[in-house]
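The structure under discussion appears below in the form of structure tokens.
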Amino acid sequence: MAEPPRFYQTTAIDYPNSRPHIGTAFEKIGADVQARYRRMEGYAVHFLMGNDENTIKVAKRAAELGQGPKTYCDDMARQFKEVWRALEISYDDFIQTSEQRHHVGCRVFIQRVFDNGHIYKGTYEGWYCEGCEAFKTETEAKESGGVCAIHKAPLVKRSEPCYFFALSKFQDQLLRFYEEYPDFIQPESRRNEVLALVQSGLQDVNITRSGQEWGIRVPFDEEFTIYVWFDALLNYITAIGYGTNAELFQRWWPADIHFIGKDITRFHCALWPAMLFAAGVEAPRMVFGHGFVYLKSAQGEQQKISKTLGNIVEPMEIITKFSAEAFRYYFLRECPFPGDGEFSWQRFSDVYNADLANNLGNLYSRCVTLITKNFDGHLHETASREPGVIYTDVDIETTVQQVQAHVEACQYNFALEKIWRQVLDPANQYADKQAPWTLVKTDKEAAKHVLYDLVELLRAAAILLKPFLPLSAETIYRSFNFPQPWESVRHEDAWVHPRQAADLRVLAALHDGKVKPLFPRIS
RNA sequence: CCCGGGGUGGAGCAGUGGUAGCUCGCCAGGCUCAUAACCUGGAGGUCGCAGGUUCAAAUCCUGCCCCCGGAACCA
């Protein structure tokens, strides 16, 4: 057997100074679908997530709570992972940038860049707040009118020694790189943005801070710590052993996709490849900048998710009221991954009831019940039977190919739309047209075949939905005695019908002759 | 001022030259297996505005109006 193709994907690491909200969850869900899809299709997948911990804000927040920064970070990481697990995010590794492996790798990396002559000592000048003990960005200073927004104290111009990364030297190399790998920046619309930025000229960036306890020390000048952006991006390679485990690093790098929010595209598309060039490491294959989730108020106003507005919707709130599967479905179906989307509780219940409860869930219920009531859950003499409907009314093969193409392009909303319009709707229509509940009284044999075909469509739907709704898809699939094990189904299996050795049977657990609704309606 | 995205029936969206489509909602009918779910039909749009190109434009060109983002450390 040939070695399976490998697939290394990452998401942006999050600041642990507040709990994850639906926006951060959106990114993880989108990435998770890709990971699950690739695993299904036979790739050896490595899916990395993590938290970005080496910031002053984190150290300050910890101090406020009277905790050590490491204790604080570990506890936040635990909370993040709890949410991700609840959302069925199938990450393989979770890195905290306060970990040893990251510190060691970072120091190796920055030393290499320094040795290669791309780091030099200079002076950083900026607006400084004594209270925060931190520099403010130019924009922050301007917005607050030269006064610290937190301390209301005037900002002072302050300069301090620091090290710069010679980003400007890489302008031409970056432009050549974009030309050689036109797919590097996804979606396409972000490409011009980055091109324009790089073409307009890049400034060298300050990559160190001084006078801080918390953070990673610069190996060639231990007074300094590595500034957060230079350190954060490196998580993608330190997690897979850069500087600590050459063999592991060899196995996974370069990354196939970095999933990130559209706001940090520039760091990933310009700074990051330049850093790698400087260290003599290969650049990643693709950066995917997904859109944002906005909140829609009851008055119909669109709002940015923000702590200060106090409008954060916690993922757990939705999971508790509905389910993790419903959460996943809503964002994957309603918010185009490459573009922006909106969340409102009203919209959420509408979509939930229409697509999950009334359509998918109800189809499942009626099929199972019909077979149970009329055939005792056993369709005799259906072993090795070719289904009829999938070759006539519904072209599953085309649908599967379209769905796959959409998933690979991270167009999850289109993929789901195809499944609903081309598999589930036709199934409900077929049921209505054939009316097996009536047919069973006059021609039991014919009714049996109709049900057999309906189940065949449910089987196809379950396979197609596996990356999106892992638990519900499994429940549907395991409600029948399909020959292929659920663990190893591929998309191709959805249209290449396996000859059943045994008659089709219902295996779902029943209570008073009924199945438990997959998605109970919410009124 | 600049850059990007967008303005399509009540709401949310698809649609880059050839009879304007989908989901939700609404109205009427059917069915009754199913989670009062399902199916069929209907009403409802001068596709932001004004010009232009073309046999033909939501779709291409020009100008204008409006909305939403962005401009370096914020997913």
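Take 0 as the starting number for the first sequence in the working numbering and just add one per residue. Heads up, the beta-carbon is just placed ideally off N, CA and C, and yes, glycines get one too.
request  = Would you tell me roughly how many angstroms separate the C-alpha atoms of His102 and Ile215, rounded to the nearest one?
outcome  = 6 angstroms
inquiry  = Suppose contacts are defined by Cβ-Cβ distances below 8 angstroms. Is Gln421 in contact with Val449 by that definition?
reply    = no
request  = With a threshold of 16 other CB atoms inside 10 Å of the CB of Arg498, please say whether the residue is buried or exposed.
outcome  = exposed
message = What does DSSP give as the partner residue(s) for Val44 in the beta ladder?
response = Phe6
inquiry  = Counting C-beta neighbours from all protein chains within 10 Å, is the total for Glu222 16 or more, i.e. buried, or is it exposed?
reply    = exposed
inquiry  = Our contact map puts Ala325 next to Tyr351 with C-beta atoms below 8 angstroms; I'd like the distance itself, whole angstroms only.
reply    = 5 angstroms
inquiry  = Could you tell me the alpha carbon to alpha carbon distance between Gln302 and Gly338, rounded to whole angstroms?
reply    = 16 angstroms
message = Measuring only the C-alpha atoms, how far is Trp252 from Phe93?
response = 17 angstroms
query = Roughly how many angstroms lie between the CA atoms of Leu453 and Pro469, to the nearest whole one?
reply = 21 angstroms
task = Buried or exposed for Leu506, please, with buried defined as at least 16 other CB atoms from any protein chain shown within 10 angstroms of its CB.
result = exposed
message = Just to confirm my understanding: we take Arg477, look at its own chain, exclude 5 residues before and 5 after, and list those with CB closer than 7 angstroms. What are they?
response = Trp485 and Leu506
query = When you compare only the Cα positions, how much space is there between Leu574 and Phe321?
reply = Only positions 0 to 522 of the chain appear in this structure, which leaves residue 574 out of reach.
query = What are the boundary residues of the alpha helix (DSSP H) that Val227 is part of?
reply = Val227 to Leu232
inquiry  = What would DSSP say about Pro160, mapped onto helix, strand or coil?
reply    = strand
task = Give the single residue among Tyr127, Phe518, Gly240 and Thr237 whose Cα lies nearest to the Cα of Arg208.
result = Tyr127
inquiry  = Going by beta-carbon coordinates alone, are Ile184 and Cys268 separated by less than 8 angstroms?
reply    = yes
key: Candidates Tyr14, Thr10 and Arg18, of which the one nearest Met315 by Cα   = Arg18
query = Beta-carbon separation of His289 and Phe330 under 8 angstroms?
reply = no
request  = Leaving aside the five residues before and after Lys261 along the sequence, list all residues of the same chain whose C-beta is less than 8 angstroms from its C-beta, in chain order.
outcome  = Arg189, Gly288, His289, Gly290 and Phe291
task = Please list the segments of the beta strand (DSSP E) lying wholly inside the segment 49 to 75, counting only runs of 3 or more residues, in order along the chain.
result = none
task = State buried or exposed for Tyr119, treating a residue as buried only when at least 16 other CB atoms are found within 10 Å of its CB.
result = exposed
ask   = What residues in its chain sit with their C-beta under 6 angstroms from that of Phe229, if we drop five residues either side in the sequence?
value = Ile206
request  = Within the same chain, show all residues whose beta-carbon is closer than 6 angstroms to that of Ile242, passing over the 5 residues directly before and after it, in chain order.
outcome  = Just to set this straight, residue 242 is Gly in the shown sequence, not Ile. Correct list, in chain order: Val103, Gly104 and Val107.
request  = Please report the Cβ distance between Gly67 and Ile12, rounded to the nearest whole angstrom; I am assuming they are in contact, meaning their Cβ atoms lie under 8 angstroms.
outcome  = The Cβ separation is near 20 angstroms, so there is no contact.
DSSP state of Trp344 mapped onto helix, strand, coil = helix
ask   = Using the C-alpha atoms, what's the distance from Tyr328 back to Asp349?
value = 12 angstroms
task = Tell me, to the nearest whole angstrom, how far the beta carbon of Phe518 is from that of Gly360; I am working on the premise that it is less than 8 angstroms.
result = 4 angstroms
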